[in-house]
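Numbering (our numbering), first residue to last: 4 to 350.
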Amino acid sequence: MAAAPEEPALTASFYREEWASVLQPQGVTTFAEYSKASRKGRGVPLSRKARKAVWPVFEEYRLLLNDQGWREPDDAMRDARHVLESKKMGLPYKAVIVDEAQDMGTQAFKLVRQMVPGGENDIFIVGDGHQRIYRHRVVLGQCGIKIVGRSRKLRINYRTTEETRRWATGVLKGLSIDNLDAEPDEEKGTTSLLRGVNPTIETFSSFDDECRYLIQVAREKETEGTLGAACLVTRTNAQKERYKRTLEDQGIPTYSLTRSKAEDRTASGLRLATMHRVKGLEFDTIIIAGANKGVMPLDMAMGSTSDPAESEDKELRKRALFYVAATRAKKDVIVTCFGTPSPFLER
Numbered sequence: 004m005a006a007a008p009e010e011p012a013l014t015a016s017f018y019r020e021e022w023a024s025v026l027q028p029q030g031v032t033t034f035a036e037y038s039k040a041s042r043k044g045r046g047v048p049l050s051r052k053a054r055k056a057v058w059p060v061f062e063e064y065r066l067l068l069n070d071q072g073w074r075e076p077d078d079a080m081r082d083a084r085h086v087l088e089s090k091k092m093g094l095p096y097k098a099v100i101v102d103e104a105q106d107m108g109t110q111a112f113k114l115v116r117q118m119v120p121g122g123e124n125d126i127f128i129v130g131d132g133h134q135r136i137y138r139h140r141v142v143l144g145q146c147g148i149k150i151v152g153r154s155r156k157l158r159i160n161y162r163t164t165e166e167t168r169r170w171a172t173g174v175l176k177g178l179s180i181d182n183l184d185a186e187p188d189e190e191k192g193t194t195s196l197l198r199g200v201n202p203t204i205e206t207f208s209s210f211d212d213e214c215r216y217l218i219q220v221a222r223e224k225e226t227e228g229t230l231g232a233a234c235l236v237t238r239t240n241a242q243k244e245r246y247k248r249t250l251e252d253q254g255i256p257t258y259s260l261t262r263s264k265a266e267d268r269t270a271s272g273l274r275l276a277t278m279h280r281v282k283g284l285e286f287d288t289i290i291i292a293g294a295n296k297g298v299m300p301l302d303m304a305m306g307s308t309s310d311p312a313e314s315e316d317k318e319l320r321k322r323a324l325f326y327v328a329a330t331r332a333k334k335d336v337i338v339t340c341f342g343t344p345s346p347f348l349e350r
C-alpha cells in the first residue's frame with residue numbers, strides 16, 4: 004500500500020480520485036509533469052508545494068505496479084501508443100470506428116488517433132454522454148481528434164417510446180452532460196418516433212409484497228407469450244439471485260444474463276440481469292426491481308469524497324446507469340421498490 008504524507012491532510016479518496024481524474028488521463032509519470040498538469044474540475048486546490056508533498060504516494064504506487072509487472076488499462080494504452088510513436092509503426096488501417104465512445108478515456112482516444120493517419124473519414128465516433136457510467140470525461144480536441152464543424156447530433160430515438168425517453172431523461176435533470184468535447188449536450192429537439200404508455204412506478208411496504216406483484220406481472224407476460232421479451236433488472240448480482248429464487252419458487256421460469264456468455268435467444272424464461280450487464284441490449288419490457296434508497300444509488304458505490312466536483316460526477320454516473328437500464332425498453336418500463344424509494348424516482 005502506498006503511504007500518504009502527513010501534509011497536506013487529504014483523504015484516501017482524494018488520492019484515488021486524483022490518480023483517476025488527473026494523472027491517468029494526462030499520462031503523468033513524473034513530478035515535473037504533475038506540477039504542470041491541469042486539475043480543471045477538481046474541487047480541492049493544490050499549490051506546487053502541495054503537489055510535491057502528495058507526489059510520493061503516486062510514485063510509490065507506480066513502483067508497486069512495476070514490481071508486480073502490472074499495468075492499469077490507461078498505462079497499457081499509453082505504452083502501446085508510445086511503441087507506435089517511437090518505432091514509427093504503420094498499421095494496416097485506413098479508418099477506425101468507435102462505438103460507445105462515452106465509455107472510453109483520454110489514453111484510449113490518443114491510441115486511436117495514433118492508429119490511423121489523419122485524413123478525410125479517418126475516424127468515425129458514436130457516443131452519448133447521457134450513458135456515461137464510467138469515470139471517463141474526454142475532450143477529443145486534446146487527443147488530436149478534431150470534431151469542431153464535423154460533428155452531428157442524432158436527435159431521433161428509434162428504440163424507446165417518447166414516454167420512456169422523457170421519463171428516463173428526467174432522471175438526469177439538472178446534471179451537466181457534455182458532448183465528448185467539453186461542450187454541453189442538450190436534449191432539446193430530441194424525440195422518439197414511437198408512442199406508448201408512461202412508465203409504471205410501484206412502491207410496496209415489503210420485499211414479499213413487491214415480489215407478489217412481480218410474479219403477477221410475469222404470469223401475465225407468460226400467458227401472453229412475451230415472458231422472454233421482458234427483462235428484470237437489478238443493481239447487484241446478490242439482488243438478482245434473490246429475485247431469481249423467489250420467482251422460480253413460484254414456478255416462474257427465468258434465464259440469467261451473465262458477463263461470461265452471450266444470451267441464448269432460443270432459451271425461454273424471464274430474463275434477469277444487472278444494470279451493467281443489460282447495457283447495449285434491448286427488450287420489449289424492462290422491469291427495474293428493488294429501486295430502493297441505498298441501492299439506487301448503491302451507498303457503497305457512492306463512497307465518501309471531500310471534492311464536490313467528484314461528488315457531482317459520481318451522482319451523474321449512478322443516475323446514468325439507471326437511465327441506461329430504463330432506456331433498454333422498446334415498449335414499456337416498470338419500476339418497483341419496497342420501503343423508501345430511490346431518490347431517482349423523485350419528480
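All C-beta atoms in this analysis are idealised placements derived from N, C-alpha and C, irrespective of residue type, glycine included.
Counted as a single uninterrupted DSSP element, the stretch harbouring C234 is not any alpha helix (DSSP H) but the beta strand (DSSP E) occupying residues A233 to T237.
Assigned with DSSP and collapsed to three states, I159 falls in strand. Looking at R198, L67 and R168, the one whose alpha-carbon comes closest to that of K191 is R168. Rounded to whole angstroms, the gap between the alpha carbons of C234 and K224 is 11 Å. Distance from S41 to R51 at the Cβ level is roughly 14 Å; contact not present, criterion being Cβ atoms closer than 8 Å. Less than 8 Å divides the Cβ of D181 from the Cβ of G132.
Of the residues assessed, P202 falls on the buried side of the cut-off, its CB having 16 or more other CB atoms within 10 angstroms. Within the region 270-331, the complete alpha helix (DSSP H) segments at least 4 residues long are 302-305 and 311-329, listed from N- to C-terminus. Inter-segment contact for the region 286-295 and the region 332-344 is present: three or more beta-carbon pairs are separated by less than 8 Å. The region 120-161 contains, as complete beta strand (DSSP E) runs of 3+ residues, the segments 126-128 (chain order).
Judged by DSSP in its simplified three-state form, P48 adopts coil rather than helix or strand. Residue pairing from DSSP places C340 in a beta bridge opposite T206. Counting only runs of 4 or more residues that sit fully inside the region 38-87, the alpha helix (DSSP H) segments are 51-71, in chain order.
In this structure L143 touches D184 by the C-beta definition: roughly 5 Å separates them, less than 8 Å. Nearest in C-alpha terms to L324, of all of Q134, Y161 and S209, is Q134. If you draw a 10 Å sphere on the C-beta of R248, you find fewer than 16 other C-beta atoms in it, and that means exposed.
Taking all protein chains in view, the Cβ of Y326 is crowded by 16 or more other Cβ atoms within 10 Å, so the residue is classified as buried.
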